[in-house]
Structure formats: structure tokens, C-alpha cells
Amino acid sequence: MITCFGALKERILKDGKCLEGGILKVDGFINHQIDPDLLEQMSVEFIRRFADVKFNKILTIEASGIAPAVMLGFLLHLPVVFAKKKKPSTMDNMLTTTVYSFTKNRTYDVCCSRNFLCRGDKVLFIDDFLANGNAAKGIIDLVQQAGAELAGMGFLIEKSFQHGGDYLRSQGIKVESLAVIDSLDNCRISFADDSIAC
Ligand code: 5GP
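For our numbering, add 870 to where a residue sits in the sequence shown, where the first one is 1.
Following this line, the structure appears as C-alpha cells:
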């Protein structure tokens, strides 16, 4: 069953803006200006949803995943690792993969040090958006290269009309999204679950 988190849904309806090409702008509370109270509420919801899953580390991807991942790591007292989009010249022992970004219409390399994503780690991946699932697929590749284990993936906002979530769930991955949007057609935000509980 798809459920969404009421506080985030309300905020998206209040402050989210649709752009051409199925993009939702949430820079007033997630992507540029950040609302820490909402972030805390969202992290508490992730803790509830992943309560039955064991993990020792939180993994995200820069830049927009860092804030929600750090809030969750802070509440759970767990380390947070972010995959980098540019390989630092000072960093060796790197895991690298390539990701296609549909918002930027280009591919980019994503990397992470083997010192921080290690064999035997059980990681929970957190990101702001799930769209086509390309960033998530890159992360799965990094986790496999490291010999680590993926405990689950949590997203603040999933755009189900881009089907990344279908792919991840078909792979048996536990995916939790706090707000699921099934259409941005005609710049109208439509949620996958419009029930009162949502
Ligand atoms: P995917 O790799 O799943 O296709 O896209 C996920 C990544 O693209 C996220 O990390 C996010 O940064 C960006 N993204 C995808 N869709 C949106 C959107 O509608 N709005 C914003 N602000 N970012 C998006």
C-alpha cells in the first residue's frame, strides 16, 4: 500500500511548484532553504518505517540528500556517508559508478571511499527524490562493489509516474517514500494516495 506523510504533503501543496518536464521545485523547504522542523518530523517517520530493519550506516548522495540523511543520523546516532559527484584529487581507494541525471540531462560520475563504505556495512540509503531511479541504481552499484548490504531506501518524495520505485521494489528492496506523487500533468500536483489518512 502506498501511503504518504501528511505534513510533507501539506507543505508540498502549499510551497511546491511544478516546472516543465515533470519536475517539482521544493527549494523553499528542502532543496535550498531548509525547514529543520519538517526535516526532523520526516526523519522520525523514517525511523518508524524502518524500525524492523537493521543498519549501521546511512548513505546518501550530494547535495540534496545530505540534510535529511544527517538529521536521521543525528537522531539515530549513526554515521552518515555521502557519495560525491566529483572525484576529489586527494582521495584514493575509491569506488566509482556513472549516473544519468534526467533533471540535468547528462551523466556524471559518483564516487565513495572504500574507507567509509565497507564490506559488511548494512546501509540505509536516503535521498530527497526518487524519479527514474538512476541515482538509486548508482548507489546499488557502489554498495555491491563495496561488499556492503543495502538495508533499504528512503525518499522524501517519489514521483511514481517515472517508475524508479517500481524497479527498486521489483528487486526486493524495501523502499519507503514519504510523499508519492503520481502526476504533475498540467502543473497540477496529484498524490498517489488521496485518502484522509495520507
Ligand atoms: P532519479 O535518479 O531517480 O531519476 O532522480 C533522482 C535525483 O534527481 C534526485 O537525487 C534529485 O536530486 C533529482 N530530481 C529528480 N526529480 C526531481 C524533481 O522533480 N525535483 C527536484 N528538485 N529534483 C529532482
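C-beta: ideal position from N, C-alpha, C; glycine also. This one's a predicted model, so the numbers in the text were calculated from it and none came from an experiment.
Query raised in the report: Between which two residues does the beta strand (DSSP E) containing Phe952 stretch?
Result: In the sequence shown, counting from the first residue as 1, residue 952 sits at position 82. First-last of the beta strand (DSSP E) with Phe952: 950-953.
Query raised in the report: Just the Cα atoms here: how many angstroms apart are Ser1065 and Ala939?
Result: Translated into positions along the sequence shown, residue 1065 becomes position 195. Translated into positions along the sequence shown, residue 939 becomes position 69. Caution applies to Ser1065, whose pLDDT of 47 falls short of 50 and renders its modelled position unreliable; the value that the coordinates give is listed next. Cα to Cα, Ser1065 sits roughly 28 angstroms from Ala939.
Query raised in the report: With 7 angstroms set as the bound, which would you pick, yes or no: does the beta-carbon of Val950 sit closer than that to a beta-carbon of chain B?
Result: Among the chains of the structure shown, chain B does not appear; only one protein chain is present.
Report task. Below 8 angstroms on the Cβ atoms is my guess for Leu994 versus Cys981; work out the distance and round it to an integer in Å. Result -> Locating residue 994 in the sequence shown gives position 124, where the first residue counts as 1. Locating residue 981 in the sequence shown gives position 111, where the first residue counts as 1. Leu994 to Cys981, Cβ: 20 angstroms. No contact.
Report task. Give the straight-line distance between the Cα atoms of Gly1003 and Ile1009, rounded to the nearest whole angstrom. Result -> Position 133 of the sequence shown, counted from the first residue, corresponds to residue 1003. Position 139 of the sequence shown, counted from the first residue, corresponds to residue 1009. If I take the Cα positions, the gap works out to 10 angstroms.
Query raised in the report: For Thr930, does the count of other Cβ atoms within 10 angstroms reach 16, so buried, or fall short, so exposed?
Result: Position 60 of the sequence shown holds residue 930. Classification of Thr930: buried, given that the 10 Å Cβ count is 16 or more.
Query raised in the report: With respect to the alpha helix (DSSP H) encompassing Arg918, which residues constitute its N-terminal and C-terminal limits?
Result: For the purposes of this step, residue 918 is taken as the residue at position 48 of the sequence shown. Start and end: 906-919.
**Report entry** Length at least 4, wholly inside the stretch 995-1057: the alpha helix (DSSP H) runs in chain order
**Finding:** 1004-1016, 1034-1040
**Report entry** Within 7 angstroms, strictly: CB atoms of Gly876 and Asp885
**Finding:** For the purposes of this step, residue 876 is taken as the residue at position 6 of the sequence shown. For the purposes of this step, residue 885 is taken as the residue at position 15 of the sequence shown. Contact: no.
Query raised in the report: Between Ala1005 and the ligand 5GP, is the CB less than 6 angstroms from at least one heavy atom?
Result: Residue 1005 sits at position 135 when you count from the first residue of the sequence shown. The answer is yes for Ala1005.
Query raised in the report: Which residue from Ala1016, Asp997, Arg976 puts its Cα closest to that of Lys1029?
Result: Translated into positions along the sequence shown, residue 1029 becomes position 159. The residue with the shortest Cα to Cα distance from Lys1029 is Asp997.
Requested in this report: Output the distance between the C-alpha atoms of Gln952 and Thr967, rounded to the nearest integer angstrom.
Outcome: Residue mapping note: residue 952 aligns to position 82 of the sequence shown, counting from 1. Residue mapping note: residue 967 aligns to position 97 of the sequence shown, counting from 1. First, the residue type needs correcting, since residue 952 is Phe and not Gln in the sequence shown. Cα to Cα, the separation comes out at about 14 angstroms.
Report task. Use the C-beta contact count for Ser1040: other C-beta atoms within 10 angstroms, 16 or more gives buried, fewer gives exposed. Result -> Looking up residue 1040 in the sequence shown gives position 170. When all chains shown are included, Ser1040 counts as exposed.
Query raised in the report: Say the cut is 6 angstroms; is the CB of Phe972 nearer than that to a heavy atom of the ligand 5GP?
Result: Taking the sequence shown and counting its residues from 1, one reaches residue 972 at position 102. Answer for Phe972: yes, Cβ within range of the ligand 5GP.
Query raised in the report: Quick one: does the C-beta of Ser983 sit closer than 6 angstroms to a heavy atom of the ligand 5GP?
Result: What you label residue 983 is simply residue 113 of the sequence shown in a count that begins at 1. Ser983: no, Cβ never under 6 angstroms from the ligand 5GP.
Query - Cβ-heavy atom distance, Gly1034 to the ligand 5GP, below 6 angstroms - result: Start at 1 with the first residue of the sequence shown, and residue 1034 comes out as number 164. Answer for Gly1034: yes, Cβ within range of the ligand 5GP.
Query raised in the report: With a CB to CB cut of under 7 angstroms and the five nearest residues on each side skipped, what residues in its chain are close to Asp1011?
Result: As a first step, residue 1011 must be located in the sequence shown, where it is residue number 141. Taken in chain order, the residues that qualify are Thr967.
Query raised in the report: For Leu1020, is the classification buried or exposed, using 16 other Cβ atoms within 10 angstroms of its Cβ as the cut-off for buried?
Result: Mapped onto the sequence shown, residue 1020 falls at position 150. Under this definition Leu1020 is a buried residue.
Query raised in the report: Whose C-beta lies closer than 8 angstroms to the C-beta of Gln903 among residues of the same chain, with five residues either side of it excluded?
Result: Within the sequence shown, residue 903 is the residue found at index 33, counting from 1. Excluding sequence neighbours, Gln903 sits near Asp897.
Query - Where Ile882 falls: helix, strand or coil (DSSP) - result: Residue 882 sits at position 12 when you count from the first residue of the sequence shown. Here Ile882 sits in helix by DSSP.
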